[in-house]
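Peer 1:
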């Protein structure tokens, strides 16, 4: 019951805070790909994997008072920051979600930039393909972001590192 | 003449209540419609369980797919034709993608995907690229044509304008389903001036934009979408039916996994339970198959499976109560405990459902580049995001509206109150 909501709050509480909606989306997607049991359904949008279900769930959690959303004007865009509230933390304790295994992964993910997580998550979206095909797809989908070869290599290394961390 | 350019000797038309006529001249389109995988869509309702509330909502994904094709055909042949931004070589791939975008939907796909952790988009890809009749037709165009169609549907095609025709915040998919769902449910909300929108659509390198003079027609479309969500798609009674459907599938799966002996071997479900699903298993499944099993399972020994199937088939749905998780999640824990004490399994008879559990999306004005917003093309050629120019759209796209409900078998609780005082306590708590 509301288990999926509780998992999101637990994740954000473990991260302390998450800066940016895009970052939150990509963190949950990557954790899901690492076999953590998040039920949010993702689809590929113009700019990478995105879950409307997760967006709505986070909105609901803010309305419930379990998440605190703050909004910062960054000039050309607005950045949203999420933190679990005290009530949210109590609520998240109703869930027996895999918090111990989750904590180190969250910490590693939260330390990355949202641009990098965008690249990692999009590569993972195409993880059924060969490495060269994955890169080719990312270059089509994200043609305006001009990811370098070094960034691609770093993203693949990061994926391997995260997989090892879970194993 | 090359197959891709082949035209039918005489134009075929499908009579359609929304678009009046659906026109087919291309041989490829006609052949795709005749394949078994496309014909299967006749046996899958567009709106799942909604027919239990709006009895007219029996329309199928077959009708909707033809409708999306027809809208894209009109956009290409009327609005885009001759414009320098539009590449005429993309016409056939766009038409095929429009026709086939929902090919991988299964019966009651939202519920089915939840229980079996499936993704209809992946099945669309698998049908387009696998050993299927659809693939054989597309391959006659060229060996890479099935992949091109799959890339458009999967949103990884190189020409983003083609993708945006069927996957954007103002696309042929939404324009068809809003009007079609409004027509078949009989509600007055989903109507907007599509002809006007088609006339003001302009192709750009990356997406379709709207000439600014067409803003009010787009406002009407956004309002229709907003109203349809709350009046039809989020209808609490149809959600009750979906809750029961999900629980039936969960129960059958749980029984199978714990070695229960079904009176009739659930052969059509076996590979779904075992997670060894083949493409053929998936294509063979339609609503007729599901209803047959539900009828059979009504006679099963397991009281929960039998009861849930009876409820779904005979429309004895769960009652619902409004629920505020922020204030009442502890009440939910209390109810869970009381249900167990009273001999009602809360995993099947006490269900929370939130708006985020539903598969529909609102207009969002492009947040951190996650979703491409609707752009108006101003007279000087510049683009402006819709909600910056429209007060109406700004008012509803920024507004949050969430909804949570608890579903429960009120009929059982009320009928057996005298025999079980815990039922009275549960009812009081639910209604408090």
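Chains as they are written, first to last, in my numbering: chain Y, 696 to 862; chain U, 9 to 440. Cβ coordinates follow ideal geometry from the N, Cα and C atoms, glycine included. These numbers were taken from a predicted model, which means no experiment stands behind them.
1) Given a cut-off of 8 Å on the beta-carbon distance, is the pair residue 98 of chain U and residue 170 of chain U in contact?
2) Which partner residues of residue 383 of chain U appear in the DSSP bridge assignment?
3) Could you give the first and the last residue of the continuous alpha helix (DSSP H) run that contains residue 166 of chain U?
4) Alpha carbon to alpha carbon, how far is residue 211 of chain U from residue 318 of chain U? Give it in angstroms, no decimals.
5) Between residue 761 of chain Y and residue 334 of chain U, what straight-line distance do the alpha-carbon atoms span, to the nearest angstrom?
6) Using the three-state DSSP reduction, which class does residue 774 of chain Y fall into: helix, strand or coil?
7) For residue 738 of chain Y, which residues in chain U fall below 7 Å Cβ to Cβ?
8) Sort U:326, U:143, U:159 and U:193 by Cα distance to residue 66 of chain U and report the nearest one.
9) Going by DSSP, which residues form a beta bridge with residue 156 of chain U?
10) Could you give the distance in angstroms between the alpha-carbon of residue 33 of chain U and the alpha-carbon of residue 268 of chain U?
11) Is residue 222 of chain U near residue 204 of chain U, with beta carbons less than 8 Å apart?
12) Using the three-state DSSP reduction, which class does residue 854 of chain Y fall into: helix, strand or coil?
13) So, using beta-carbon positions, are residue 292 of chain U and residue 305 of chain U closer together than 8 Å?
14) Name the chain U residues that come within less than 7 Å of residue 847 of chain Y, Cβ to Cβ?
15) Do you know how far the Cα of residue 256 of chain U is from the Cα of residue 122 of chain U?
16) By Cβ distance, which residues of its chain are closer than 7 Å to residue 424 of chain U, with the 5 residues on each side in sequence left out?
17) Distance, Cα to Cα, residue 728 of chain Y vs residue 819 of chain Y?
18) Checking contacts by CB at 8 Å: is residue 697 of chain Y closer than that to chain A?
19) By the three-class DSSP mapping on this structure, what secondary structure does residue 327 of chain U have?
20) If you drop the 5 nearest sequence neighbours on each side, which residues of the same chain put their C-beta closer than 8 Å to that of residue 801 of chain Y?
21) Helix, strand or coil: how does DSSP classify residue 9 of chain U here?
22) What whole-angstrom Cβ distance do residue 715 of chain Y and residue 778 of chain Y have, given they're in contact under 8 Å?
23) Please confirm whether residue 819 of chain Y has its beta-carbon closer than 8 Å to some beta-carbon of chain U.
24) CA-CA distance, residue 249 of chain U and residue 208 of chain U?
25) Would residue 706 of chain Y pass as an interface residue toward chain U - the criterion being a Cβ-Cβ separation below 8 Å?
26) Can you pull the chain U residues whose beta carbon is under 7 Å from the beta carbon of residue 835 of chain Y, in chain order?
27) Tell me which residues share the same chain as residue 58 of chain U and place their Cβ nearer than 6 Å to its Cβ, disregarding the 5 neighbours each side in the sequence.
28) When we look at the beta-carbon of residue 805 of chain Y and count the other beta-carbons within 10 Å, is it buried (16 or more) or exposed?
29) Could you tell me the distance, in whole angstroms, from the CA atom of residue 429 of chain U to the CA atom of residue 438 of chain U?
30) Using three-state DSSP, classify residue 258 of chain U as helix, strand or coil.
31) Once the 5 residues before and after residue 40 of chain U are set aside, which same chain residues still bring their CB inside 8 Å of it?
32) State the DSSP-derived secondary structure class of residue 243 of chain U, mapped to helix, strand or coil.
33) Mind checking which residues open and close the alpha helix (DSSP H) that includes residue 39 of chain U?
34) Using a threshold of 8 Å, state whether the C-beta atoms of residue 414 of chain U and residue 353 of chain U are closer than that.
35) Using a C-beta to C-beta distance shorter than 8 Å, which residues of chain U count as neighbours of residue 789 of chain Y?
36) Should the stretch 384-396 of chain U be regarded as contacting the stretch 281-288 of chain U, the criterion being three or more beta carbon pairs within less than 8 Å?
Peer 2: Reading it off the structure:
1) Yes. Within cutoff.
2) Partner(s): U:393.
3) Careful: residue 166 of chain U lies outside any alpha helix (DSSP H) and carries neither H nor E.
4) Spanning the alpha carbons of residue 318 of chain U and residue 211 of chain U requires a straight line of approximately 52 Å.
5) In a straight line, the C-alpha of residue 761 of chain Y is about 7 Å away from that of residue 334 of chain U.
6) When DSSP states are grouped into helix, strand and coil, residue 774 of chain Y belongs to the strand group.
7) In chain order: 129.
8) When only C-alpha atoms are compared, the closest one is U:193.
9) Assignment of beta-bridge partners to residue 156 of chain U by DSSP yields no partner.
10) Roughly 53 Å separates the two Cα atoms.
11) In contact: residue 222 of chain U and residue 204 of chain U (Cβ atoms closer than 8 Å).
12) In the structure shown, residue 854 of chain Y sits in a helix (DSSP, three-state: H, G or I).
13) Against a cut-off of 8 Å, the Cβ pair of residue 305 of chain U and residue 292 of chain U comes out as no contact.
14) Neighbours of residue 847 of chain Y in chain U, taken as residues at a C-beta separation under 7 Å, are lacking, since the least C-beta distance is about 17 Å.
15) Distance between the alpha carbons of residue 122 of chain U and residue 256 of chain U: 12 Å.
16) Listed in chain order, the non-local C-beta contacts of residue 424 of chain U below 7 Å within the same chain comprise 431, local neighbours out to five positions each way being set aside.
17) Their Cα atoms are separated by approximately 7 Å.
18) No chain A appears in the structure shown, which is made up of the protein chains Y and U.
19) Looking at residue 327 of chain U - three-state DSSP - the assignment turns out to be strand.
20) The residues are 706, 709, 710, 722 and 726.
21) Residue state, collapsed to three classes: coil.
22) Taking 8 Å as the upper bound for CB-CB distance, residue 715 of chain Y and residue 778 of chain Y are not in contact here, some 13 Å apart.
23) Cβ-Cβ to chain U under 8 Å: no for residue 819 of chain Y.
24) Each residue's CA atom was taken as its position, placing residue 249 of chain U and residue 208 of chain U some 40 Å apart.
25) Residue contact check for residue 706 of chain Y against chain U: no CB pair falls below 8 Å.
26) Chain-order list of chain U residues neighbouring residue 835 of chain Y: 164 and 166, by C-beta distance under 7 Å.
27) Result list for residue 58 of chain U: 65 and 246, in chain order.
28) Here residue 805 of chain Y is buried: its Cβ has 16 or more other Cβ atoms, across all protein chains shown, within 10 Å.
29) The alpha-carbon separation between residue 429 of chain U and residue 438 of chain U amounts to approximately 14 Å.
30) Assigned with DSSP and collapsed to three states, residue 258 of chain U falls in helix.
31) Result list for residue 40 of chain U: 46, 104, 107, 108, 142, 145 and 146, in chain order.
32) It is coil, neither helix nor strand.
33) Per DSSP, the continuous alpha helix (DSSP H) segment holding residue 39 of chain U begins and ends at 35-41.
34) Judged by beta-carbon spacing, residue 353 of chain U lies beyond the 8 Å limit of residue 414 of chain U, meaning their Cβ atoms are not closer than that value.
35) Simply 337 and 341.
36) Taking one beta carbon from each stretch, the stretch 384-396 of chain U and the stretch 281-288 of chain U have fewer than 3 pairs nearer than 8 Å; the two do not touch.
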